Every structure is written in C-alpha cells, then in structure tokens.
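Residue numbers (UniProt numbering): 1 to 114.
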C-alpha cells in the first residue's frame, strides 16, 4: 500500500490560493467527489471496450483531477493503471483498487466540504 495520504489538504489549499478563491477550490472538490463514480465507470468501460485511447483519456482525466484536489493515492493509482492497458487480467483488480481509493478519498474530502 502506498505511503501517500488519501488526501493532502495542502494541495486543496494551494488550489484555493492559486484561484484566489478558497470557496471555488472547495466547490471544485465537491464536483470532483460527485463525479468520481462516473469517472471510474468511464475507466472501466474503456478497459472493457479494449480501447487503449479511451483508457488513457479516462485515466489521465482521473489522475489530473485527483491531483488537483490532493487525492494522492487515487492520483498515483490512476497513473499506475496505465500499465494495465493490454493486460486484461489486470483490469478488474485495477478497477477494484480505484473504487476502494475513491471511497477513501470521498470520505476524506467529505470531512472538509460538507
């Protein structure tokens, strides 16, 4: 298991500073949490369809947005899952890890974005 935190609050704070809008950063985090199941479903559908391009797009989208809110483990796993393109036996376990990390992330973010 990764030594990274499920959520690095400083990253979200930095996003608020960069935007000059801490409330906007929290709104982005709320949208991220709401869309997270759909994003992982998109990764799963892309893997199931065998579309390497769609897998790359879905995983990079997940990675970038997770990085922006400080969802460190989810960002790491979504980037690492790129290695499973063309390895069908690894898709299921990769999706399961993404779903588990998404729950951790939602729980951690839920504590600050009520």
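All residues carry an ideal CB built from backbone N, CA and C; glycine is no exception. Predicted, not measured: the structure shown is a model, and the values here were computed from it.
Count the other CB atoms within 10 Å of the CB of residue 73; is the residue buried (16 or more) or exposed (fewer)?
buried
Could you tell me the alpha carbon to alpha carbon distance between residue 8 and residue 112, rounded to whole angstroms?
12 Å
I need the straight-line Cα distance from residue 15 to residue 52, nearest angstrom please.
31 Å
In whole angstroms, what separates the C-alpha of residue 10 from that of residue 70?
7 Å
Distance between residue 28 and residue 83 (C-alpha atoms, nearest Å)
28 Å
Which runs of the alpha helix (DSSP H) fall wholly inside the region 53–111 and span at least 4 residues, in chain order?
72–80
If you follow the alpha helix (DSSP H) that residue 24 is in, where does it begin and where does it stop?
22–49
Under the rule that 16 or more other beta-carbon atoms within 10 Å means buried, what is residue 78, buried or exposed?
buried
For a quick check, are the C-beta atoms of residue 76 and residue 12 less than 8 Å apart?
no
Who are the near neighbours of residue 56 in its chain, counting only those whose CB is closer than 8 Å to its CB and skipping five residues on each side?
82 and 85
State the CB to CB distance for the pair residue 34 and residue 61, rounded to an integer number of angstroms; the pair is presumed to be in contact (CB under 8 Å).
Actually they do not touch by this definition, with Cβ atoms about 15 Å apart.
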